[in-house]
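Student:
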């Protein structure tokens, strides 16, 4: 399979010019990588900073968007140099998949025993469908993404760290934020979904309906949300989507039922997904 990239990958310029000066950028120390689980990819997958990012790093990289390079935080638990966590050769294209079919398939793949039916209530075995879109201002998603990136980088309960280390920041040649995991071949969900492009098809619908943006990748996927569901009923539908997307989504927040998780989604500024 072929990873989805732009026809002209601007990262080629950063191979010989890692500061991005020739592109009008002023990047911190960093480098591109072509390393994957299978060896060397045919083109750079991402540029990544050498040092941990600071709270202002996300905003500082915004000019790169005009060149088709999108920022994302790289969790300290993820190996990108050496490529042990990148598998673009196993990825199709997000546009080849229908999010409804992906979610319905995952929802129905595991029968629920009677003793655990309360977890999915008010829904049953049949896929309940998608939550409705929530209107939001055009600039709201990027504002929300920058706010969440700061939360991930500043000291506090939301900080994304691992063994005392914090995240680096990267630039990815992705056509949209939802495609970032597919473009780099992010593989931390492979035990559940081998082709991450199928998950990206779902991320695309969340991008469209809720102003979602991929903010961080590592052992977990962190997605900012600009427009949370507006009602309890819509939050429950979205909670079902999250459960189908990532069965451990509820447990990531110490919750055990869709109804409990829906209450969390009404005000959550970001969503976290981790697959065991």
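Numbering (UniProt numbering), first residue to last: 1 to 276. Yeah, the Cβ is synthetic: ideal placement off N, Cα and C, and Gly gets one too.
#1: Indicate whether the contact test is met: 3 or more Cβ pairs, each with one atom in the region 111-126 and one in the region 71-80, closer than 8 angstroms.
#2: From the DSSP output, read off the bridge partner residues of residue 168.
#3: Starting from the Cα of residue 23, find the closest Cα among 66, 34, 254 and 54 and give me that residue.
#4: Could you give the C-beta distance for residue 53 and residue 167, rounded to a whole number, given that I count them as a contact under 8 angstroms?
#5: Where are the alpha helix (DSSP H) runs, 4 residues long or more, that stay fully inside the region 3-34, in chain order?
#6: Just list the residues that DSSP pairs residue 180 with in beta bridges.
#7: Where does residue 233 sit, in a helix, a strand or coil, going by DSSP?
#8: Note the first and the last residue of the continuous alpha helix (DSSP H) segment covering residue 273.
#9: Kindly indicate which three-state DSSP category residue 37 falls into: helix, strand or coil?
#10: So, using beta-carbon positions, are residue 133 and residue 211 closer together than 7 angstroms?
#11: In chain order, what residues of the same chain lie with their CB nearer than 8 angstroms to the CB of residue 125, ignoring the 5 residues before and after it?
#12: To the nearest whole angstrom, what separates the beta carbons of residue 47 and residue 171, a pair I think is in contact under 8 angstroms?
#13: Count the other C-beta atoms from every protein chain shown that fall within 10 angstroms of the C-beta of residue 213, then say buried if there are 16 or more, exposed otherwise.
#14: Below 8 angstroms on the Cβ atoms is my contact criterion, and I expect residue 225 with residue 269 to pass it. Report the Cβ-Cβ distance as a whole number of Å.
#15: Pick from 232, 199 and 229: whose alpha carbon is nearest that of residue 274?
#16: Run through DSSP, which three-state label would residue 54 get?
Tutor: In short, the structure shows the following:
#1: Not touching, per the Cβ criterion.
#2: DSSP output for residue 168 lists 74 as bridge partner(s).
#3: Of 66, 34, 254 and 54, the smallest CA-CA separation from residue 23 is found for 66.
#4: Confirmed, Cβ separation roughly 6 angstroms.
#5: The qualifying runs are 11-16.
#6: Paired residue(s): none; residue 180 is not in a bridge.
#7: Judged by DSSP in its simplified three-state form, residue 233 adopts helix.
#8: Per DSSP, residue 273 is not a residue of any alpha helix (DSSP H); the beta strand (DSSP E) it occupies stretches across 270-274.
#9: Three-state result, residue 37: coil.
#10: Not closer than 7 angstroms, so no.
#11: Annotation for residue 125: 108, 111 and 112 place their beta carbon closer than 8 angstroms to its own, counting only its chain and skipping 5 residues before and after.
#12: Contact between residue 47 and residue 171 holds, with the beta-carbon distance rounding to 5 angstroms and staying under 8 angstroms.
#13: With 16 or more other Cβ atoms within 10 Å, it is buried.
#14: Their Cβ separation, rounded to whole angstroms, is 7 angstroms, which keeps residue 225 and residue 269 in contact under 8 angstroms.
#15: Nearest option by C-alpha distance: 199.
#16: Coil at residue 54, not helix or strand.
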